[in-house]
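Undergrad: I have a structure here, written as structure tokens, and I will follow up with some questions on it.
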Amino acid sequence: MKKLQITNGMFIAMVVNVIFAKAIGVTQGVLARAVGHDMWVATLLGTLQGAAMMYVTYIVLRRTPHLNYIELSALLLGKWFGKIIALLIFVFFLGEFGPIMITFVYHLKDYFLPEAPVWLFTVSSLIVGAIGCYYGLEVMGRIALIGLLFIFLLNTLIILGSTNEFDIRNLLPFLEHGFLRTAEASLHFDVDWALAVMLGSLIIPYVSGTAARGGQLSVISILASGMLVIIWAILEGAVLSAEVTSQYTISCMKLARNAHIGNFLQRYEMIMIALYSVSVLFEVMFCIYGSSVSLSSILGLKSNKAMILPVCLILGVFGTWIVEDHFRAIDYLEHGWPKIALPIAFGLPLLLLGLRLLLRKKLDGIASS
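Be aware that the sequence shown starts at 3, since it is given in the numbering used here, and climbs by one per residue.
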């Protein structure tokens, strides 16, 4: 068993943090353009799919709870197969850094610092992320707990501040575009929980009590994330309307501008950024962690710390290139990235589950030894 252990609460907080920021920041605008006010239904369907895939991730690792996906792959079919899986995971985290930077940069640049150069945001976020990654998963887990607290506070404020503007008629008619089109649109939210699946594939072995409660924790983490995000999907549809939501890249900021509590607390933009930033920076942190771990496995290194700086350089160049052109960023977000993320997020757990079933005797022998 691995010596490092993170608590069940840290694991759930990590999953919520990696899903929440992008899901309320840019995904709801994408869903509004696809299915209008049924974006909350698409989010719900995506949440159920994500819970199922997180459970599959746990099932893959259940017999060998001390191994992550890369180590399990090497055990099943040799070290070169493990390196191929590590390469896929590295490609995933590299590609995921684009949407993370879209979320982070456009929140700050478009609304607060329009004259600041893009590289300033990417470099600053990578510095913070690299420091957290260097100190390890326990520190990252504690940061995720703080981020989860801020998420609850942010959701409470946005509910209280949007009550007077809430109009349920903006959510009708139900399933206006039909179930099949809404289910298809849910794939955009699937891209958000794809990062959570990759997180689970690397850190479930570090979670205390994985063998006993890993499946339950995996499902709860996705369901909790989905419920926190659905609140925003409903509010954006009912308060702003789907038409207005669809016109914004960062639709949650428009909702924050509309929210207010009486005459004292008006426009939540600064409050939202303050509470929201921890989750975004945790996403950056874990993206660096996942990239460095997978690259270290490819190169045969025992520790990922030596790869943190090279990974930051690679991610920084890619993230800056993506967000420098707004049209390129939106095209990548809505069309390019889902074609990369979903095959990996769906395919990798199912592939390893199939191999685990085929090589059951080998794993049973290892588990019993």
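The beta carbon of each residue, even a glycine, is placed where N, CA and C say it ideally should be.
(1) Have a look at the DSSP bridge pairing and note the partners of I8.
(2) Which residue's Cα is closest to the Cα of G449: V313, D40, L357?
(3) Three Cβ pairs or more, each shorter than 8 Å: is that satisfied between the stretch 272-286 and the stretch 61-71?
(4) Under a three-way DSSP split, which group does H262 fall into?
(5) Are the CB atoms of M103 and V313 within a distance shorter than 7 Å?
(6) Would you kindly work out how many angstroms separate the C-alpha atoms of T124 and K363, rounded to a whole number?
(7) How is G163 classed by DSSP in three states: helix, strand or coil?
(8) In chain order, what residues of the same chain lie with their CB nearer than 7 Å to the CB of R35, ignoring the 5 residues before and after it?
(9) At the level of alpha carbons, what is the spacing between K256 and Q51?
(10) Hey, V231 and M55 are a contact pair by Cβ (cut 8 Å); roughly how many whole angstroms apart?
(11) Taking C-beta to C-beta, are I310 and S299 nearer than 7 Å?
(12) Would you mind stating whether V62 and P351 have Cβ atoms separated by less than 7 Å?
(13) Between the Cα of Y208 and the Cα atoms of S281, S296, L139, which residue gives the shortest distance?
(14) Beta-carbon within less than 6 Å of S164's beta-carbon, same chain only, minus the 5 sequence neighbours each way: which residues are those?
(15) Count the other CB atoms, across all protein chains shown, that sit within 10 Å of the CB of Q218; report buried if there are 16 or more and exposed otherwise.
(16) When you compare each of W121, I275, T49, I91 to N157 by their alpha carbons, which one comes out closest?
(17) Please confirm whether E98 has its beta-carbon closer than 7 Å to some beta-carbon of chain C.
(18) Can you give the beta carbon distance from M376 to G143, rounded, assuming they're within the 8 Å contact cut?
(19) Could you check what DSSP says for L355 in three-state terms: helix, strand or coil?
(20) Considering only residues of the same chain and omitting the five flanking positions on each side of I160, which have a CB-CB separation below 6 Å?
(21) Measure the Cβ-Cβ separation of V221 and Y57 and say whether it is below 7 Å.
TA: Based on what the coordinates show:
(1) V209
(2) In the structure displayed, the chain extends from 3 to 371; residue 449 sits before or after that span and is not available.
(3) Verdict: no, contact absent.
(4) For H262, the three-state secondary structure derived from DSSP is strand.
(5) no
(6) Cα-Cα distance, rounded: 47 Å.
(7) helix
(8) Once the five neighbours on either side are set aside, the close Cβ partners of R35 are S248.
(9) 28 Å
(10) V231 to M55, Cβ: 16 Å. No contact.
(11) no
(12) yes
(13) Comparing Cα-Cα distances from Y208 to each of S281, S296, L139, the minimum goes to L139.
(14) Closer than 6 Å at the Cβ level, and outside the excluded window around S164, lie L237, V241, A261.
(15) Exposed, by the Cβ-count rule.
(16) I275
(17) Although the question refers to chain C, the structure presented lacks it and comprises just one protein chain.
(18) Here the chain has residues from 3 to 371 only, and residue 376 is not among them.
(19) helix
(20) A261
(21) yes
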